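Note that the numbering used here has the sequence shown beginning at 361, numbered continuously upward.
Take a look at the structure set out below.
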Amino acid sequence: MPAVMIAGVELPAARAVRASENRHIVHHHIPGFEGDILQDVGRGPSVFLIEGVLHGDSAHSDAETLRQRFRNGTPVEFVAPLATAFEVQDVLIRSIELSEVGGWSALIHARITVIEYVEPPKTATLSAPSLTATAEAWGDELDAAMGTEALARRIAADPASASSILEEAGARSPAMRDAVLGKAGGLLAGDPVGISSLLSGGGAPSELLSSIGGALGGNFDGLAEVFNALPKEQLKAFVGHVAAGDLAGALGSASDIFGDGLVGDVLGAVAEDPEMLEGLTAIMRGDLEGLETLARGALGNPAVMSSLLGAVPELLDSMGVEDLAGSIGQGLSDLTGVDVTNIFNAIGDLDPAKVGALLSELSEAGSLAEIAEILADGAGDFMEDLIGIDVFDAGRAMLGAADFLRDIKRVIKSGRDLIDAVRDFDPIGDMRDIFEEIA
Numbered sequence: 361m362p363a364v365m366i367a368g369v370e371l372p373a374a375r376a377v378r379a380s381e382n383r384h385i386v387h388h389h390i391p392g393f394e395g396d397i398l399q400d401v402g403r404g405p406s407v408f409l410i411e412g413v414l415h416g417d418s419a420h421s422d423a424e425t426l427r428q429r430f431r432n433g434t435p436v437e438f439v440a441p442l443a444t445a446f447e448v449q450d451v452l453i454r455s456i457e458l459s460e461v462g463g464w465s466a467l468i469h470a471r472i473t474v475i476e477y478v479e480p481p482k483t484a485t486l487s488a489p490s491l492t493a494t495a496e497a498w499g500d501e502l503d504a505a506m507g508t509e510a511l512a513r514r515i516a517a518d519p520a521s522a523s524s525i526l527e528e529a530g531a532r533s534p535a536m537r538d539a540v541l542g543k544a545g546g547l548l549a550g551d552p553v554g555i556s557s558l559l560s561g562g563g564a565p566s567e568l569l570s571s572i573g574g575a576l577g578g579n580f581d582g583l584a585e586v587f588n589a590l591p592k593e594q595l596k597a598f599v600g601h602v603a604a605g606d607l608a609g610a611l612g613s614a615s616d617i618f619g620d621g622l623v624g625d626v627l628g629a630v631a632e633d634p635e636m637l638e639g640l641t642a643i644m645r646g647d648l649e650g651l652e653t654l655a656r657g658a659l660g661n662p663a664v665m666s667s668l669l670g671a672v673p674e675l676l677d678s679m680g681v682e683d684l685a686g687s688i689g690q691g692l693s694d695l696t697g698v699d700v701t702n703i704f705n706a707i708g709d710l711d712p713a714k715v716g717a718l719l720s721e722l723s724e725a726g727s728l729a730e731i732a733e734i735l736a737d738g739a740g741d742f743m744e745d746l747i748g749i750d751v752f753d754a755g756r757a758m759l760g761a762a763d764f765l766r767d768i769k770r771v772i773k774s775g776r777d778l779i780d781a782v783r784d785f786d787p788i789g790d791m792r793d794i795f796e797e798i799a
């Protein structure tokens, strides 16, 4: 080891030099406050521990020199590689331990602790006004921190009052309002019931929802818990404030914890914003697990199926005819005629043959009668006026006929054409022939 020198005394046989540094952190505990307010009051001095041996004829005189400088309490020069690295030149000897080895009077073990010496500033005193200003500044900072905490907790306790509380914070300062938003978002992120309460009034501050979404970032299980707690209308208001990557992760978690129905509900909320749906599907279609989650969501909520197939056509490959028929059959009570039309159109665009197989499966399940009523809902009177046939009665008769699928093939070349014909209410051509034959 290179030579170590303290107060002009060289320790050629220094065994070790250890250095340490720390910062002075003052903890201010506030009653009712989670955690302490921390105040950094600067770096502490560097401390060095030197262990070595004084030996030879000068061992005792060197020991006396070190002891005298320790008693004087005056700064001394310290030379060591670590001292250079720490940019320390002058030190005070804080402690010194010397021990002789029996029978070896010229051999003294030394253990010395030195501490960095910083020369005091020329004007070391503070005037009363400057002390007062410092105290007032710290007091203002403390008041602001306590005020932020209190306002954020008021929002967490009564989310419906968030707008008025944020207005109160903004009246104090824009910075306080931003701080309250961040703190309240973190508090509400762990409270799905509180988020639902916030959304129930319909006027939830958008910035606060974004703060909650940001606080939940990366917490996929937590996001899934929130999704599960929110009704569909509230889901629509909330999902837009969650990053697409977090949504993708949360959907997989939601499927594992709560089932495919919740995934379908979330996707239905996302589908309200085509741009958001495009961003989400762009992420999820990149891996097999994401595609499987999207497929499960589409089957869990057939109302969103057409939108998902439009964004990710390859989803149809992972959905069998039986799965499609089961999904549509179970979800008929929530589907409109437009939903049904869009589903068959989307499937027909990608795989016309699958439409025929799907219709056959639905017929065997006894679901076609209800589908006909849904398709005719709102259009039955119009068609009856045009062709003199009650669509509901005709639909029931048509669906009960043994040769229903044969009649469909006479009207259309694919399943999509049938849906288009019903959707467009065209009383001309083969549709008229079928209804007249049934009548």
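Idealized CB from N, CA, C, for every residue including glycine.
It should be emphasised that the depicted structure is a prediction, and the values quoted were computed from it without experimental measurement.
{"Item": "Cβ-based neighbour list, A597, same chain, cut-off 6 Å, excluding 5 preceding and 5 following", "Value": "L559"}
{"Item": "L654, DSSP secondary structure in three states", "Value": "helix"}
{"Item": "Nearest-angstrom Cα separation, counted from A517 out to V553", "Value": "11 Å"}
{"Item": "N- and C-terminal bounds of the alpha helix (DSSP H) containing F587", "Value": "F580 to A589"}
{"Item": "Span separating the alpha-carbon of R532 from that of N588", "Value": "37 Å"}
{"Item": "Simplified DSSP state of A727, which is helix, strand or coil", "Value": "The sequence as given places Ser at residue 727; Ala does not occur at that position. Note: S727 maps to coil in three-state DSSP."}
{"Item": "Three-state secondary structure (DSSP) of F438", "Value": "strand"}
{"Item": "7 Å CB neighbourhood of E476 in its chain, flanking five on each side removed", "Value": "P405, S406, V448 and V451"}
{"Item": "I385, buried or exposed, once every other Cβ within 10 Å from all chains shown has been counted against 16", "Value": "exposed"}
{"Item": "E632 versus S667 - alpha carbon distance", "Value": "10 Å"}
{"Item": "C-beta atoms of A658 and G624 nearer than 8 Å", "Value": "yes"}
{"Item": "Three-state secondary structure (DSSP) of M536", "Value": "helix"}
{"Item": "CB of L718 within 8 Å of CB of A685, strictly", "Value": "yes"}
{"Item": "Residue nearest to G689 in terms of C-alpha spacing, selected from N705, L669, P662 and L442", "Value": "P662"}
{"Item": "Neighbour-count burial assignment, Q428, 16 or more Cβ in a 10 Å radius", "Value": "exposed"}
{"Item": "G605 - DSSP class collapsed to helix/strand/coil", "Value": "helix"}
{"Item": "Rounded C-alpha distance that separates V478 from G507", "Value": "38 Å"}
{"Item": "Reduced DSSP category for D616 - H, G, I as helix; E, B as strand; rest coil", "Value": "helix"}
{"Item": "Euclidean distance between Cα positions of P565 and Q594", "Value": "13 Å"}
{"Item": "Same chain only: Cβ atoms within 7 Å of E721, ignoring 5 sequence neighbours per side", "Value": "V681, E682 and A685"}
{"Item": "Burial state of L806 (16 or more Cβ within 10 Å)", "Value": "Shown here, the chain extends from 361 to 799; a query on residue 806 therefore has no answer."}
{"Item": "Limits of the unbroken beta strand (DSSP E) element including T473", "Value": "W464 to E476"}
{"Item": "Cβ shell of M665 (< 6 Å), same chain only, five flanking positions each side left out", "Value": "A658 and I703"}
{"Item": "Cα-Cα separation, V369 to A379", "Value": "19 Å"}
{"Item": "With 16 other Cβ atoms within 10 Å as the buried cut-off, status of G674", "Value": "A small correction: the amino acid at residue 674 is Glu; Gly does not occupy that position in the sequence shown. Counting Cβ neighbours within 10 Å, E674 comes out exposed, since fewer than 16 surround it."}
{"Item": "Boundaries of the alpha helix (DSSP H) in which N690 is found, first to last residue", "Value": "The residue you asked about is not Asn; residue 690 is Gln in the sequence shown. V681 to G691 is the span of the alpha helix (DSSP H), which, as asked, contains Q690."}
{"Item": "I707 burial status per 10 Å Cβ neighbour count (16 or more: buried)", "Value": "buried"}
{"Item": "Helix, strand or coil at V664 [DSSP, three-state]", "Value": "helix"}
{"Item": "Boundaries (first-last residue) of the beta strand (DSSP E) holding A406", "Value": "One point to set straight first is that residue 406 is Ser, not Ala, in the sequence displayed. Neither: S406 is in no beta strand (DSSP E) and is coded neither H nor E."}
{"Item": "Reduced DSSP category for E411 - H, G, I as helix; E, B as strand; rest coil", "Value": "strand"}
{"Item": "Outcome for T434 when other beta-carbon atoms lying within 10 angstroms are tallied against a minimum of 16", "Value": "exposed"}
{"Item": "Extent of the continuous alpha helix (DSSP H) to which A706 belongs", "Value": "G697 to L710"}
{"Item": "Per DSSP, cross-strand counterpart(s) of D647", "Value": "Paired residue(s): none; D647 is not in a bridge."}
{"Item": "Limits of the unbroken beta strand (DSSP E) element including A379", "Value": "A376 to S380"}
{"Item": "Extent of the continuous alpha helix (DSSP H) run through H420", "Value": "A419 to N432"}
{"Item": "Of the listed residues G395, S418 and E585, nearest to A614 (C-alpha basis)", "Value": "E585"}
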